[in-house]
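What follows is a set of notes on a single structure, which appears directly below.
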Amino acid sequence: MPELPEVETIKNDLKEQIIGKRIISVFPLWKEIVKDIPYELFVKQIEGKEIIDVERRAKNLIVRLSGGLNLLVHLKMTGHLFVEDEKSSEISKEGKWLKASSEDLVKDQQNQFIRIIFHLSGGKILAMGDMRKFAYIRLMDDRGLEEFLKNYGPEPLSSGFSAEKLASILKKKNTAIKKVLMDQSLVAGIGNIYADEILWASRVHPLSASSKLQDKDIEAIYENTRKILRLAIKRRGTSTSDFRDTKGLKGTYGDLRNVYQREGMPCPVCGGPVRKIKVGGRGTHFCPRCQKEVK
16 MPELPEVETI KNDLKEQIIG KRIISVFPLW KEIVKDIPYE LFVKQIEGKE IIDVERRAKN
76 LIVRLSGGLN LLVHLKMTGH LFVEDEKSSE ISKEGKWLKA SSEDLVKDQQ NQFIRIIFHL
136 SGGKILAMGD MRKFAYIRLM DDRGLEEFLK NYGPEPLSSG FSAEKLASIL KKKNTAIKKV
196 LMDQSLVAGI GNIYADEILW ASRVHPLSAS SKLQDKDIEA IYENTRKILR LAIKRRGTST
256 SDFRDTKGLK GTYGDLRNVY QREGMPCPVC GGPVRKIKVG GRGTHFCPRC QKEVK
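When you read off a place in the sequence shown, starting at 1, and then add 15, the result is the number in our numbering.
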């Protein structure tokens, strides 16, 4: 699932590519990608609207439209957003790229499975693909969006997020630290990939009880959270699975992974084998030598 760095990468791309464009028309290949309202009403309300901004909150993309409307987009497991020149692209009725300005769009299987196409002014198209059909789009007014976003915890890269803020969250939870980091109501945007990497860099076992962590552990988690997320954004995300940017290209943070999906491979610090366990039902990678459990 795309996490904070991947969604931030998409947001940054879209801000450069579609702000100021108007939605001319919408073509569905799978109407069910639109949730909560009938597809026909969705189209009626957004056609002609101008895209005035693109934001990210947690793992959500928010496309702000004129008239106080917003497209809330969640990519879930395998969702993708692509921006292409209309004249140089062609998509089949089955949602496959037949032609595009980028060969990566056409040749990479992860870039297929287009579900909906937005025709924009200036000869651009915004296409959303999703192999597993879990991704969705919701249309919300400003008030509804504000209420929805109250469900999320603080942004770990925001100026208001501090080691003290993180400590106040962790000390209230007597559960595994990895589960806390991935709880979107407590800290926004961190998922399986970066939780593993952050905890390894902090030398904290993923099963350690959050409330029992020492101040030095919390400080390390805070510092490594900001360091790793910023680096992952700079490297345009992780594409060990299916993430691609708006041009269909892979991110390169996966080349720097220390433990995530490296079961049985040597830890970069001690040389011992990386282990895989389940934490909260999620596959979790860590070094048992470097990361000692605090109970």
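Every residue gets a Cβ at the ideal spot worked out from N, C-alpha and C, and that includes glycine.
Secondary structure at residue i, three-state DSSP: helix, strand or coil?
i, result
"tyrosine 151", "strand"
"glycine 269", "helix"
"aspartate 123", "coil"
"asparagine 189", "coil"
"tryptophan 45", "coil"
"aspartate 51", "coil"
"glutamate 23", "helix"
"serine 40", "strand"
"leucine 84", "strand"
"aspartate 100", "strand"
"leucine 76", "strand"
"valine 289", "coil"
"aspartate 211", "helix"
What separation, rounded to the nearest whole angstrom, lies between the Cα atoms of residue i and residue j?
i, j, result
"lysine 242", "alanine 216", "10 Å"
"asparagine 166", "arginine 147", "25 Å"
"glutamate 99", "phenylalanine 128", "15 Å"
"glutamate 62", "isoleucine 39", "6 Å"
"isoleucine 66", "alanine 142", "15 Å"
"leucine 222", "asparagine 189", "11 Å"
"lysine 307", "proline 283", "16 Å"
"glycine 83", "aspartate 157", "6 Å"
"valine 22", "glycine 204", "9 Å"
"phenylalanine 97", "serine 226", "42 Å"
"glutamate 238", "phenylalanine 176", "11 Å"
"glycine 298", "serine 256", "14 Å"
"isoleucine 131", "lysine 46", "8 Å"
"valine 106", "tryptophan 112", "Per the sequence shown, the amino acid found at residue 106 is isoleucine instead of valine. Rounded to whole angstroms, isoleucine 106 to tryptophan 112 spans 5 Å at the Cα level."
"glycine 316", "asparagine 27", "Residue 316 falls outside the range modelled here, since the chain spans only 16 to 310, and no answer is possible."
"tyrosine 54", "isoleucine 48", "9 Å"
Might you give, ordered along the chain, the residues of its own chain that have their beta carbon closer than 8 Å to the beta carbon of residue i, omitting 5 neighbours on each side?
i, result
"isoleucine 233", "Ala178, Leu181, Ala182 and Leu185"
"serine 103", "Lys114, Ala115 and Ser116"
"valine 219", "Ile192, Leu228, Asp232, Ala235, Ile236, Gln306 and Val309"
I'd like the list of long-range same chain contacts for residue i, defined as Cβ closer than 6 Å, with 5 residues on each side in sequence excluded.
i, result
"aspartate 101", "The question names aspartate, yet the displayed sequence has glutamate at residue 101. Around glutamate 101: Gly138 and Ile140."
"valine 58", "Val41"
"leucine 214", "Pro221"
"threonine 240", "Pro171 and Ile213"
"aspartate 51", "Arg153"
"threonine 253", "Ile208, Gly266, Tyr268 and Gly269"
"histidine 95", "Gly144 and Arg259"
Please report the Cβ distance between residue i and residue j, rounded to the nearest whole angstrom; I am assuming they are in contact, meaning their Cβ atoms lie under 8 Å.
i, j, result
"phenylalanine 258", "proline 43", "Between proline 43 and phenylalanine 258 the Cβ distance is about 24 Å, and since that is not below 8 Å, they are no contact."
"arginine 37", "leucine 135", "7 Å"
"glycine 168", "glutamine 199", "7 Å"
So is the beta-carbon of residue i under 7 Å away from any non-hydrogen atom of the ligand PLP?
i, result
"valine 284", "As for the ligand PLP, it is missing from this structure, which has no ligand bound."
Among residues of its own chain, excluding the 5 on either side of residue i, which ones have a beta-carbon nearer than 7 Å to its beta-carbon?
i, result
"methionine 155", "Asn85, Leu87 and Phe163"
"cysteine 285", "Cys302, Arg304 and Cys305"
"methionine 92", "Met16, Arg147 and Phe149"
Jot down the residue ranges of each uninterrupted alpha helix (DSSP H) in the stretch 128 to 178, minimum 4 residues, whole runs only, in chain order.
157 to 164
Length at least 4, wholly inside the stretch 217 to 286: the alpha helix (DSSP H) runs in chain order:
230 to 249
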